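All remarks here apply to the structure that follows.
Residue numbers (the working numbering): 154 to 511.
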């Protein structure tokens, strides 16, 4: 179906004529050309001569140009058939710890040692991209929390931004409370019973300005469920040297993460390797969607470029006609002087003038 997005633009149609009435007439300052034998030409043509073209012929190109500009400004578009949009109504934020400890390579995936953040990017990236119908967003936190991707249906872009996350980009510490507070700020304006935060960290809260448990209680009041995921292999899995090397898993504050999950009605998960994180992803995929009224959208194809291109072409032709009157197009599409096409009429005019003089 064809329609104009902004049809009120056509209210500007009489604007040039109103300006012509209000503004004074411009004086070109050029004298008029007087022809002494104009009456003779009128007699031969059997019609009276006019000094100018008719008004409608003079204004026709400019009227058409103005109409084309108005049509383009009104944004013509072609609307397709209504298409259903899959929408579960769930708003899901993922907060990922990007502090320095997330670079520790103690995770196993496909018989290879990978860092904690690399495994999170791989598995949670698949999780986000597969949440068909959910609005998903991304928070990165370290010493401070930053909203990397707002809630959106564009899950592919959110995954790309997760893949581009780098260690230490938000600082070296771990501000779990600030991450929860930022998520709460973004989720509190969304419908109730559809707000979920997945919190991925490998340490304890040692930065920021908000206590995690206080932030969790505020989230519970707003109906935000938090699913914390503690990531990192147990120290004993890496042998006795893990204690000497300073395995960061020893800093993981599991009691605090469990308290956060319990306060908000969520569930705490522990990921010691890639297989456990994969099972967590499958469990999270089973979250019950919130039933909402189905929505529809109609794809719109913008058509304003066609009248705009036509207006530009007509403007160029008018400029060429004004600046270079004797151009090739003018010679092709306009007739030459009648006397130049018929030289015998020139002789007849001379004889006619001679007879009148006698």
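Just so you know, even glycine gets a beta-carbon here, dropped at the ideal spot from N, CA and C.
Only a predicted model underlies this, so the values are computations on that prediction, with no experimental measurement involved.
Contact check for residue 245 against residue 288 passes: the beta carbons are separated by less than 8 Å. Secondary structure remark: continuous alpha helix (DSSP H) runs of at least 4 residues inside the stretch 400-479, in chain order: 407-417, 427-437, 458-476.
Going by DSSP, residue 173 is part of the alpha helix (DSSP H) stretching over 168-175. By the Cβ test, the stretch 326-335 is in contact with the stretch 292-312, since at least three Cβ pairs between them sit closer than 8 Å. Distance check between residue 354 and each of 168, 343, 304, 250 places 250 closest, using alpha-carbon atoms only. Around the beta carbon of residue 260, a 10 Å sphere encloses 16 or more other beta carbons of the protein chains shown; the residue is thus reported as buried. Exclusion of the five residues before and after residue 386 leaves 259, 260, 402, 425, 426 as the residues of its chain whose Cβ lies within less than 7 Å of its Cβ. Contact annotation: residue 229 and residue 456 have beta-carbon atoms nearer than 8 Å. The Cβ-Cβ distance between residue 310 and residue 318 does not fall below 8 Å. Rounded to the nearest whole angstrom, the CA to CA distance from residue 340 to residue 222 is 43 Å. Pairing residue 280 with residue 166 gives a Cβ-Cβ distance that is not under 8 Å. Between residue 420 and the set 433, 428, 333, the nearest pair of CA atoms involves 433. In this chain, the alpha helix (DSSP H) harbouring residue 333 covers 329-340. Within the DSSP bridge table, the entry for residue 300 names 292 as partners. Rounded to the nearest angstrom, the gap between the Cα atoms of residue 169 and residue 472 is 19 Å. Here the alpha carbons of residue 459 and residue 284 stand approximately 39 Å from one another. Cβ-Cβ separation between residue 272 and residue 410: approximately 18 Å, too far for a contact (criterion under 8 Å). With respect to the 8 Å criterion, residue 333 and residue 369 are classified as neighbours on the basis of their beta carbons. Residue 220 and residue 466 have their C-alpha atoms some 14 Å from each other. In this structure, DSSP gives residue 211 a helical state, which the three-state scheme calls helix. The closest CA to that of residue 381, considering only 375, 359, 415, 157, is found on 415. Across the set 359, 347, 358, 356, the C-alpha of 347 shows the shortest separation from the C-alpha of residue 375. Look at residue 253 here: in three-state DSSP terms it is helix.
The beta-carbon separation of residue 304 and residue 290, rounded to 4 Å, stays under the 8 Å limit for a contact.
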